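Beneath this line is the structure, given in structure tokens, with notes to follow.
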């Protein structure tokens, strides 16, 4: 016996989600099947809204609410906030990382979301990312520092070096977030590459 | 800074799912936000279909596909299958458990889904469950055995005893699935209630 076709179809769709296997998909599908139609409708409406009402910010490519027709495109809450320090731009690869940094509560500046990392192996080149738009923002002349907050991986390092080379001629300070041992983890369990980087980056107390 | 409103709304809806906390909901929401609109539409359509196209079987209250208007209601795939043994009915509380038993591949009979368990504490009484419909099926006279496969909990035991008392006057054999130590688990980690039940239910080799 197989599940009724609509149930099986939902299980297949749920299995496409990250971290959701067959068993979790079944559990979620049965749960949704047992919910009143209004509850499922709320989820369907929320799914519709994220695609229909969220666009990329015309300045920094963070997610922004699309409010009414503006021929220049929408601005995200951070770019619209008059209280942000417009002289610093933090560069990240995806909006997820922007929100992680926002949650620290300690960063007062603006952002720029690249939309990925340069990766010749995966056929992602500088022109596929929002690098030209970053350069255009910097050429306007209000920015004194660019903080690169990209993954501490080969692709992240490569992208950081590429950006640093592009920005240097503009005379803007380019920094990278610190790499070292993560807080709260035993040194014993830290990998050699991280430890080696932490030693190189030691600071005077 | 808060997430854009539609993103926050989706996170709140996803958090209603079982086993989904704030972090998982955020991960799923960002994943969905990054999917093309067609992918999100497939999920929305699957959600619509489970509520619009799945009904309860008019015989056993398992999930069934609603196909065209039949004034007597839909029949599930198991009740429609001419190869099933119509002389045995296995009683479960929810369709999930029915599908678990189906997956064992070893049960040839029909089912009856109660829709819950009798629970005076939670204000669930016999008339709130599909018990009268079960009795009507049994009175038709084709059934020789009813297998009770309810949770091994106070509510499950109570419901089993209630059903056994109702069925006895009809002269139909009423059995309950075996309770004992689960397969593949060390005896050392089996709780006392289970072990005690396993001892009582010992069988001759």
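Chains as they are written, first to last, in our numbering: chain A, 2 to 206; chain B, 2 to 206. Think of the CB as a built atom: it goes at the ideal place given N, C-alpha and C, for glycine as much as any other residue. Note that the coordinates shown come from a computational prediction; the quantities given were computed from them, not determined experimentally.
Alpha carbon to alpha carbon, how far is residue 7 of chain A from residue 114 of chain B? Give it in angstroms, no decimals. 20 angstroms
Does residue 168 of chain A get closer than 8 angstroms to chain B when you measure Cβ to Cβ? no
Residue 16 of chain B CB to nearest chain A CB: under 8 angstroms? no
If you compare alpha carbons, which of B/98, B/146, B/105, B/156 is closest to residue 123 of chain B? B/156
With a CB to CB cut of under 7 angstroms and the five nearest residues on each side skipped, what residues in its chain are close to residue 86 of chain A? 109, 110
For residue 94 of chain A, three-class secondary structure by DSSP: coil
Just the C-alpha distance for residue 20 of chain B and residue 19 of chain A, rounded to the nearest angstrom, thanks. 14 angstroms
Taking 8 angstroms as the cut-off, does the segment 169-187 of chain A touch the segment 8-18 of chain B (at least 3 CB pairs, one atom from each stretch)? no
Note down, in chain order, every chain A residue with its Cβ under 7 angstroms from the Cβ of residue 45 of chain B. 45, 48, 49
Go ahead and pull the three-state DSSP assignment for residue 40 of chain B. helix
Find out if the Cβ-Cβ distance for the pair residue 89 of chain A, residue 164 of chain A is shorter than 8 angstroms. no
Starting from the Cα of residue 96 of chain A, find the closest Cα among B/4, B/189, B/174 and give me that residue. B/4
Per DSSP, what kind of secondary structure is residue 12 of chain A in: helix, strand or coil? helix
Report the partner residues of residue 64 of chain B according to the DSSP bridge assignment. B/57
Determine the chain B residues that contact residue 38 of chain A at a beta-carbon separation under 7 angstroms, and present them in chain order. 52
Quick check: what's the CA-CA separation for residue 205 of chain A versus residue 121 of chain A? 38 angstroms
Roughly how far, in whole angstroms, is the beta-carbon of residue 176 of chain B from the beta-carbon of residue 146 of chain B, given that I think they are within contact range, below 8 angstroms? 6 angstroms
May I ask which residues mark the beginning and end of the beta strand (DSSP E) holding residue 147 of chain B? 146-149
Selected residue, minimal CA-CA separation from residue 41 of chain B, among A/49, A/100, A/42: A/49
For residue 118 of chain A and residue 139 of chain A, which I take to be in contact (beta-carbon distance under 8 angstroms), what is that distance rounded to the nearest angstrom? Contact doesn't hold; Cβ gap of about 19 angstroms is too wide.
Between the beta-carbon of residue 33 of chain A and the beta-carbon of residue 14 of chain B, is there less than 8 angstroms? no
Using beta carbons (cut-off 8 angstroms, strictly below), is residue 33 of chain A in contact with chain B? yes
Spell out the partners DSSP gives residue 120 of chain B in its beta bridges. B/125
Just tell me which of A/173, A/191, A/12, A/167 has its CA closest to the CA of residue 51 of chain B. A/12
Inter-residue spacing [alpha-carbon to alpha-carbon] between residue 60 of chain B and residue 160 of chain B: 20 angstroms
Spatially closest choice to residue 194 of chain B from B/168, B/154, B/162, by CA coordinates: B/154
Cβ separation of residue 66 of chain B and residue 79 of chain B, assumed to be a contact under 8 angstroms, to the nearest whole Å: No, residue 66 of chain B and residue 79 of chain B are not in contact; Cβ-Cβ is about 12 angstroms, not under 8 angstroms.
Work out the CA separation of residue 58 of chain A and residue 74 of chain A for me, nearest whole Å. 7 angstroms
Less than 7 angstroms between C-beta atoms, sequence neighbours within five positions excluded: which residues of the same chain meet that for residue 136 of chain B? 167
Closer than 8 angstroms at the beta carbon, the chain A residues around residue 162 of chain B: The contacting residues do not exist; residue 162 of chain B stays about 26 angstroms from chain A at best.
Exposed or buried, residue 63 of chain A, counting other C-beta atoms within 10 Å across all chains shown (16 or more means buried)? buried
Helix, strand or coil at residue 89 of chain A [DSSP, three-state]: strand
Proximity test, Cβ basis, 8 angstroms: residue 64 of chain B and chain A: yes
If you drop the 5 nearest sequence neighbours on each side, which residues of the same chain put their C-beta closer than 8 angstroms to that of residue 143 of chain A? 87, 88
Between the beta-carbon of residue 98 of chain A and the beta-carbon of residue 30 of chain A, is there less than 8 angstroms? no
DSSP three-state assignment for residue 131 of chain A, whether helix, strand or coil: coil
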